[in-house]
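J.: Supplied in structure tokens, the structure appears directly below.
Numbering (the numbering used here), first residue to last: -15 to 96.
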């Protein structure tokens, strides 16, 4: 007897899952994109601060924005979790590694 599964895609509950769009947050996401739009023309922009209660979509919005800017404009960015990258120097190290500055390679898990 075959049991039909309730869920079609269990990965949507995983930490790494990123929805293709943020339902119910279109206006806020558009505001975020507009604030960083000067980057698409090679101009400087102001810093953007995302804030709100836990679970409101801040991390998803940031990651989705980074993906959209890279796919649409070739502008690369990095996502840094401040609980994991909590100092100025750890952030610099992450930037050097993720952007491959000075030919840096990703760290091998054996060295962590």
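Positions of the beta carbon are idealized from the N, C-alpha and C atoms, including for glycine.
What do you reckon, are the CB atoms on residue 57 and residue 6 nearer than 9 Å?
T.: Cβ distance not < 9 Å, so residue 57 and residue 6 don't count as in contact.
J.: Taking 7 Å as the limit between beta carbons, can you name the residues of its chain near residue 50, skipping five residues before and five after?
T.: So the qualifying residues of the chain are 61 and 63.
J.: Which of the three DSSP states is assigned to residue 29 in this structure?
T.: Coil, per DSSP.
J.: Rounded to the nearest angstrom, what separates residue -5 and residue 38 at their Cα positions?
T.: Roughly 21 Å between the two C-alpha positions.
J.: Would you mind sorting residue 76 into buried or exposed? The rule is 16 or more other CB atoms within 10 Å of its CB.
T.: Exposed is the call here.
J.: Only counting the same chain, and skipping five residues up and downstream in sequence, which positions put a Cβ closer than 8 Å to that of residue -11?
T.: Excluding sequence neighbours, residue -11 sits near nothing in its chain.
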